[in-house]
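Chains as they are written, first to last, in the numbering used here: chain P, 31 to 371; chain S, 31 to 371. Data block below; observations after.
Number of protein chains: 2
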Amino acid sequence: MPESPIIAIDAMGGDIGPEVTVAAASRIIKQRNDVKLILVGFEDRIKAEIVKLNLEISDRLSIQHASEVVDMDEAPASALRKKKDSSMRVAINLVHEGKASAAVSAGNTGALMATAKFVYKTLPGIDRPAIMTTLPNMKGHTHMLDLGANVDSSAESLFQFAVMGSVTASAVDNVDNPRVGLLNVGAESMKGNAQVKAAEPLLQNSNLNYIGFVEGDDIYNGSVDVVVCDGFVGNVSLKSAEGVAKMIGHFMKVEFKRNLFTKLIGLIALPVLKSFKKRVDHRRYNGASLLGLKQIVIKSHGGADEYAFSKAIDVAILEVEKRVPQCIESHLGVLLEKNRR
Amino acid sequence: MPESPIIAIDAMGGDIGPEVTVAAASRIIKQRNDVKLILVGFEDRIKAEIVKLNLEISDRLSIQHASEVVDMDEAPASALRKKKDSSMRVAINLVHEGKASAAVSAGNTGALMATAKFVYKTLPGIDRPAIMTTLPNMKGHTHMLDLGANVDSSAESLFQFAVMGSVTASAVDNVDNPRVGLLNVGAESMKGNAQVKAAEPLLQNSNLNYIGFVEGDDIYNGSVDVVVCDGFVGNVSLKSAEGVAKMIGHFMKVEFKRNLFTKLIGLIALPVLKSFKKRVDHRRYNGASLLGLKQIVIKSHGGADEYAFSKAIDVAILEVEKRVPQCIESHLGVLLEKNRR
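Rendered as structure tokens:
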């Protein structure tokens, strides 16, 4: 393991590519002097961005050429089989070869998961890796998984997500026993679907700090640290929250832009609106972890801008420092063993 | 069918009871002169509220005594078997007996569904009733179902939800072919869980205006009129959106209350903040329909206040005027028949 984190950045991934990723790398290089970054992709395009930003290629900021790019809508299997020199694949290979300590990509999620799983391999005891992200809540933040890597998850998979989520939250937040909740519905008549009912006893019998069922609104009220769910449910939950947040922002703009008078009020309220906006800025939470693999890879939102992408790099650095895969591996044996008894 | 809508109101249901429900009834009586309301529950408690509000018992506002109340956490089967004189049951009976045209309750959802299903019966061709609500979107509103009546729904059930949702949206919104979407996940690697994959061909082969898969954020952007999903998924989606909206509201308050200066700005911005608040006021959308039954019953949020509960009564009135169950029944035969071919 290298002394200071070395992050391999898929510089071509995402909706925009080097224009965003190199600028984000520049931001990180300026913020921290204990991190090395390797920009992976078309050498000439990356170099052009580096020149544009008056940066210098150095030991801390280097380029690794890769001749291909995985398309955003490419089938994962095709990316894996046909694009062996893609920026994504080369970044992941660098980690696998010990030349970097984590990879970050804003590229195609499915291809990234397939490639990382193929190259890194899953940790012993983990059937399926999961995607975990951090979301703001009224009192701090909540970790949530799975967000779409798995659908129709088995009870055993949900239990593994809980273990991975708990260990990771504990490591990155420096807390001992994060509260783990299983996402369920609150209508009085029901106690969940078959999936949730089957997972409940596994969680109850574990030595996780399992607090029971939680509902969708609990994700955002600070009553739980790790929310566990199937990837279909998690993805719908996340996108629904994003959708309503966007609508609220839209209506706020509409009201402040209604006429000259309201525009003036908007100007006066600008400092407050700005700190409010900063507070709910989803870019701060960019960077989802692909958990359950032997090494680290962070998925950035495809539409990330420079600031958002730099946050994904930050997540990668934190997970390297906290040695997340090693933490999961060492806890996994104990927790799964206890569960099997 | 009575000439003007007669709404049987479970006056005891919800977290508060007559204090809210009678006040809401009073609001409706003042707003409309073509509606009759029957308040169902403890006669003395309802009378006391009527006196408090300076109302008069009349042909338009009457009381039907009921000696029991279904608890908010009571098991549906127990409510159905043991509380045959509950305010909820009596309100539904009034509709069944033709003495009212629709029932409204803020009580226990599971008990309401079980009671309505038992007394009203489901429409021919419908296996399971569903809960549908209206949600705001950037351009108007979206109808969404199921929100929790069913978990682990079959493909056939999802198809029936689509038919009921489409017919109801068409009736209440006066539109010919509302756009129907099936809620799915957008991660590039996946095309949904088993449930959604099985329902897709049924929708594609129907003569609904089926626009394909939609994602969680589409619920709020105005790109679809009717969003169809399993009740587990729908409930999580709705609660997640509620949770994030509450958090956003909380942070906005925090920022405006930070210090004297920001409080002053808040005062200046009050007119804009008020119209914004009105715009995203979830109370306006209170009142969910239990669809697929032979008669009308509207579920209000248990925590509804006077204004919110009056909105649920409005939904009941609209569905009576638009003859929603009859519309569903007459379209159902055709649509399901086409589907079977």
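Just so it is clear, CB atoms sit at the ideal spot from N, CA and C, and this is done for glycine as well. Note that the structure is predicted; figures quoted are calculated from it, not measured.
Item	Value
Cutoff 9 Å: Met118 (chain P) Cβ touching any chain S Cβ	no
CB contact check: Met194 (chain S) to chain P, cutoff 9 Å	no
3 or more residues per run - each beta strand (DSSP E) lying fully within the stretch 299 to 362 of chain S	318 to 321, 326 to 329
Simplified DSSP state of Asn123 (chain S), which is helix, strand or coil	helix
Neighbour list for Gly222 (chain S) in chain P, Cβ cutoff strictly below 8 Å	Val181, Phe262
Ala268 (chain P) at chain S interface by Cβ criterion, 9 Å	The sequence given here places Leu at residue 268 (chain P); Ala does not occur at that position. Leu268 (chain P) counts as touching chain S.
Cutoff 9 Å: Thr145 (chain S) Cβ touching any chain P Cβ	no
Touching by the beta-carbon criterion (3+ pairs, under 8 Å), the stretch 150 to 167 of chain S and the stretch 249 to 269 of chain S	yes
Gln234 (chain S) classed as buried or exposed, judged by whether at least 16 other C-beta atoms fall within 10 angstroms	exposed
Distance, Lys304 (chain S) Cα to Met282 (chain S) Cα	13 Å
Short Cβ contact (9 Å threshold) for Cys259 (chain S) with Leu213 (chain S)	yes
Endpoints, alpha helix (DSSP H) assigned at Thr163 (chain S)	From DSSP, Thr163 (chain S) is part of no alpha helix (DSSP H) but of the beta strand (DSSP E) over 160 to 167.
Cutoff 9 Å: Arg313 (chain P) Cβ touching any chain S Cβ	no
Inter-residue Cα distance where the pair is Pro48 (chain S) and Ala334 (chain S)	12 Å
Exposure of Gln325 (chain P), with buried meaning 16 or more beta-carbon neighbours within 10 Å	buried
Short Cβ contact (9 Å threshold) for Asn239 (chain P) with Asn204 (chain P)	no
Distance between beta carbons of Val327 (chain S) and Ala132 (chain S), contact taken as under 8 Å	7 Å
Chain P contact for Ile122 (chain S) (CB, 9 Å cutoff)	no
Residue from P:Lys329, P:Ser340, P:Gln356 with nearest C-alpha to Ala121 (chain P)	P:Lys329
Proximity to Gly377 (chain S) [Cα-Cα], best of S:Leu188, S:Ile347, S:Leu175, S:Ala318	Outside the shown range of chain S (31 to 371) lies residue 377 (chain S), about which nothing can therefore be said.
Host beta strand (DSSP E) of Leu69 (chain S) (start-end)	66 to 71
DSSP-derived helix/strand/coil call for Glu245 (chain S)	coil
Closer than 8 Å at the beta carbon, the chain S residues around Thr292 (chain P)	Pro301, Val302
Assigned secondary structure, Arg209 (chain S) (DSSP; H/G/I helix, E/B strand, else coil)	strand
Beta-carbon spacing of Ser270 (chain S), Gly246 (chain P) below 9 Å	yes
Residue-chain proximity (Asn167 (chain S), chain P), Cβ-Cβ < 9 Å	yes
Nearest-angstrom beta carbon gap, Ala38 (chain P) and Ala130 (chain P) [assumed within contact, 8 Å]	4 Å
Burial state of Leu294 (chain P) (16 or more Cβ within 10 Å)	exposed
Beta-carbon gap between Leu348 (chain S) and Val125 (chain S) smaller than 9 Å	no
Spatial distance of Gly242 (chain P) from Ile93 (chain S) (CA atoms)	42 Å
Where Ile156 (chain S) falls: helix, strand or coil (DSSP)	coil
Per DSSP, cross-strand counterpart(s) of Met174 (chain P)	P:Thr163, P:Val257
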